[in-house]
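A.B. asks: The structure that follows is given in the form of structure tokens.
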Ligand code: NIG
Ligand code: FE
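Okay, here's the thing in structure tokens:
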């Protein structure tokens, strides 16, 4: 058994004897210990406390790491990404700078369909190596668990290729990875006038193979005007649920069309995006068991109004934060920036943002019993910061890399 003592930690954040999904005022409570120690055995957290409480024989561990001046917090749990994609879309970014809208770019075969064309023309090996590099990059930025969606295939072969890449990432990476089937991301051009034809393909051709090969943990649908209607989302989710895939859904990004209410009746694990929310949407989500996942970097990149985080938190909604890493609306998987933006633009408190990006993010991947807090028995996925005066300095000094080291499963990554 390998055992490491981390001593003299300036501040150890997210220490909890037990953990549960956080709502309302609880979200602002981030328990921390000043001048702390932490013991990691194999890949797990085995103990922690004040330095004065460290038993003398605790010092005689095989390896001792001195974290003087450092803050340690649980690694980010990024519960919504599209990290597997074939190519970037900075040409569309420039078109938008010149005046085209997201909807106009989609209408001319850009956007998701552009990514689908690129993905279908890229080999599984190439896709894997691109995704692997992105995974390494985000893990160096402190992400220790991540959800990854399909949805840039939109053909049987393309969707399976994406999900097989995610499966290989799961097998080879030390990060905790969850896979989501998002075949219902956009209608391919040939199905634009034949929605039922594409839904049949998703339900009768794709889902059975995905279930048989255990390629996905969740099902997702982009419920939006010009994409999938509430009724279409319901049909696709019911089919997914019959195969054991619970929904995590894209709703209320551009329009409020009833996705929240339907998502709640489908017992969605999480309802994600939420840029465009009515008062009724906020109340309904606040009373529900579904997690509300905010993706502020997507709102930032598309120059949209930010998600109503304060109203959601006040309504009792269990709020999580995620990066939405994808080539169209959030070409960055940097959770540090997500946390900063949620404070700067949505007025979340630093403690709320950290909880939403760690523990609640873990619950949004049903990994809350394993990750997201400093709790004995949880996986040792940790961020070690450079010296910072206080936790609030993290979002305050946005854009500065304040991560010194990242530990995943008890080992420092290089
Ligand atoms: O979550 N909104 C739908 N899907 C992605 C963007 C997809 C794309 O533009 O490639 C999102 O923002
Ligand atoms: Fe997304």
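In my numbering, the protein residues as written are 11 to 424. Glycine is no exception: its CB is placed at the ideal position from the N, C-alpha and C atoms.
Less than 8 Å between the C-beta atoms of residue 54 and residue 387, yes or no?
C.D. replies: Position 44 of the chain shown, counting from 1, holds the residue named residue 54. Position 377 of the chain shown, counting from 1, holds the residue named residue 387. In this structure, residue 387 lies closer than 8 Å to residue 54 by Cβ.
A.B. asks: Rounded to whole angstroms, what is the Cα-Cα separation between residue 25 and residue 236?
C.D. replies: Locating residue 25 in the chain shown gives position 15, counting from the first residue. Locating residue 236 in the chain shown gives position 226, counting from the first residue. Their backbone Cα atoms lie some 45 Å apart in a straight line.
A.B. asks: I'd like to know if the segment 297 to 317 and the segment 117 to 128 are in contact, where contact means that at least 3 CB-CB pairs between them fall below 8 Å.
C.D. replies: no
A.B. asks: Is the closest heavy atom of the ligand NIG to the C-beta of residue 338 under 7 Å?
C.D. replies: Taking the chain shown and counting its residues from 1, the one referred to as residue 338 is at position 328. Residue 338: yes, Cβ under 7 Å from the ligand NIG.
A.B. asks: Among the candidates 39, 41 and 78, whose CA atom is the shortest distance from the CA of residue 399?
C.D. replies: On the chain shown, position 389 is the one that residue 399 refers to. Closest by alpha carbon: 78.
A.B. asks: Can you check the segment 152 to 234 for any alpha helix (DSSP H) of at least 4 residues that lies completely inside it and give the ranges in chain order?
C.D. replies: As for any alpha helix (DSSP H) of minimum length 4 sitting wholly inside the segment 152 to 234, the runs are 166 to 182, 205 to 210 and 217 to 222, ordered along the chain.
A.B. asks: If you reduce the DSSP assignment to three classes, tell me which class residue 244 lands in.
C.D. replies: Locating residue 244 in the chain shown gives position 234, where the first residue counts as 1. Residue 244: helix per DSSP, three-state reduction.
A.B. asks: For residue 337 and residue 61, what's the separation of their Cα atoms in angstroms?
C.D. replies: As a working note, residue 337 is residue 327 in the chain shown. As a working note, residue 61 is residue 51 in the chain shown. Looking at the two C-alpha atoms, the distance is approximately 45 Å.
A.B. asks: Identify the residues that DSSP records as bridge partners of residue 76: which are they?
C.D. replies: In the chain shown, residue 76 corresponds to position 66, counting from 1. Beta-bridge pairing links residue 76 to 17.
A.B. asks: Please report the straight-line C-alpha distance between residue 425 and residue 15, rounded to a whole angstrom.
C.D. replies: Because the chain is modelled from 11 through 424, residue 425 falls outside the range shown and cannot be assessed.
A.B. asks: Would you check if the segment 356 to 376 and the segment 324 to 333 touch, i.e. whether three or more CB-CB distances between them fall below 8 Å?
C.D. replies: yes
A.B. asks: Taking only heavy atoms of the ligand FE into account, decide whether any of them is closer than 7 Å to the Cβ of residue 334.
C.D. replies: Within the chain shown, the letter at position 324 stands for residue 334. Yes - the ligand FE has a heavy atom lying nearer than 7 Å to the Cβ of residue 334.
A.B. asks: Within 7 Å: the Cβ of residue 125 and any heavy atom of the ligand NIG?
C.D. replies: Numbered from 1 along the chain shown, position 115 holds the residue referred to as residue 125. Within the cutoff, so yes.
A.B. asks: Just to confirm the assignment: which complete alpha helix (DSSP H) runs, minimum length 4, are found wholly within the segment 244 to 283?
C.D. replies: 269 to 275
A.B. asks: For residue 405, name the three-state secondary structure that DSSP assigns.
C.D. replies: Looking up residue 405 in the chain shown gives position 395. Helix.
A.B. asks: Classify residue 354 as helix, strand or coil using the three-state DSSP reduction.
C.D. replies: Position 344 of the chain shown, counting from 1, holds the residue named residue 354. In this structure, residue 354 counts as helix in the three-state DSSP scheme.
A.B. asks: Could you tell me whether the Cβ atoms of residue 215 and residue 166 are closer together than 8 Å?
C.D. replies: Along the chain shown, read from residue 1 onward, the residue named residue 215 stands at position 205. Along the chain shown, read from residue 1 onward, the residue named residue 166 stands at position 156. It is a contact, given that the beta carbons lie within the stated cut-off.
A.B. asks: Would you tell me roughly how many angstroms separate the C-alpha atoms of residue 352 and residue 275, rounded to the nearest one?
C.D. replies: Stepping through the chain shown from its first residue, residue 352 is reached at position 342. Stepping through the chain shown from its first residue, residue 275 is reached at position 265. Rounded to the nearest angstrom, the two C-alpha atoms are 28 Å apart.
A.B. asks: Checking 8 Å against the spacing of the C-beta atoms, do residue 312 and residue 112 come in under that value?
C.D. replies: Along the chain shown, one-based indexing puts residue 312 at 302. Along the chain shown, one-based indexing puts residue 112 at 102. Going by C-beta atoms, residue 312 is nearer than 8 Å to residue 112.
A.B. asks: Straight-line CA distance for residue 270 to residue 350?
C.D. replies: The residue given as residue 270 occupies position 260 in the chain shown. The residue given as residue 350 occupies position 340 in the chain shown. C-alpha of residue 270 to C-alpha of residue 350: approximately 26 Å in a straight line.
A.B. asks: Can you list the beta strand (DSSP E) stretches of 3 or more residues lying completely in the segment 297 to 324, in chain order?
C.D. replies: 301 to 304
A.B. asks: Can we count residue 80 as close to the ligand ZN, meaning its CB is less than 7 Å from some heavy atom?
C.D. replies: The ligand content of the structure shown is limited to the ligand NIG and the ligand FE, which means the ligand ZN is not among them.
A.B. asks: May I ask you to check if the CB of residue 163 is nearer than 7 Å to at least one heavy atom of the ligand NIG?
C.D. replies: In the chain shown, the residue the question calls residue 163 occupies position 153. Outside the cutoff, so no.
A.B. asks: Are the Cβ atoms of residue 85 and residue 391 separated by less than 8 Å?
C.D. replies: Here residue 85 is taken as the residue at index 75 of the chain shown, counted from 1. Here residue 391 is taken as the residue at index 381 of the chain shown, counted from 1. Yes.
A.B. asks: Would you call the segment 43 to 50 and the segment 17 to 33 in contact, with 3 or more CB pairs under 8 Å?
C.D. replies: yes
A.B. asks: Closer than 7 Å: is that where the CB of residue 308 sits relative to any heavy atom of the ligand NIG?
C.D. replies: Along the chain shown, read from residue 1 onward, the residue named residue 308 stands at position 298. Result yes, Cβ under 7 Å from the ligand NIG.
A.B. asks: Locate the alpha helix (DSSP H) running through residue 237, then write down its first and last residues.
C.D. replies: As a first step, residue 237 is located in the chain shown; it is residue number 227 there, counting from the start. Per DSSP, residue 237 belongs to no alpha helix (DSSP H) and is neither H nor E.
A.B. asks: Mark residue 107 as exposed unless 16 or more other C-beta atoms lie within 10 angstroms of its C-beta, in which case mark it buried.
C.D. replies: For this step, residue 107 is matched to residue 97 along the chain shown. So residue 107 counts as exposed.
A.B. asks: Could you say which of 415, 363 and 300 lies nearest to residue 376 if we only look at CA atoms?
C.D. replies: Working through the chain shown from its first residue, we reach residue 376 at position 366. Checking every option, the nearest Cα to that of residue 376 belongs to 300.
A.B. asks: Compare the C-alpha of residue 382 against each of 153, 123 and 407 and name the closest.
C.D. replies: Within the chain shown, numbered from 1, the residue matching residue 382 stands at position 372. Comparing Cα-Cα distances from residue 382 to each of 153, 123 and 407, the minimum goes to 153.
A.B. asks: Beta carbon of residue 92: closer than 7 Å to some heavy atom of the ligand FE?
C.D. replies: Along the chain shown, read from residue 1 onward, the residue named residue 92 stands at position 82. Yes, Cβ of residue 92 sits closer than 7 Å to a heavy atom of the ligand FE.
A.B. asks: If we require 3 or more residues per run, which beta strand (DSSP E) segments fall completely within the segment 16 to 64?
C.D. replies: 42 to 51 and 54 to 60
A.B. asks: Do you know whose CA, among 409, 119 and 195, lies nearest residue 209's CA?
C.D. replies: On the chain shown, position 199 is the one that residue 209 refers to. Checked all of 409, 119 and 195; the closest Cα to residue 209 is 195.
A.B. asks: Which runs of the beta strand (DSSP E) fall wholly inside the segment 337 to 403 and span at least 3 residues, in chain order?
C.D. replies: 392 to 395
A.B. asks: Secondary structure at residue 143, three-state DSSP: helix, strand or coil?
C.D. replies: Position 133 of the chain shown, counting from 1, holds the residue named residue 143. Residue state, collapsed to three classes: helix.
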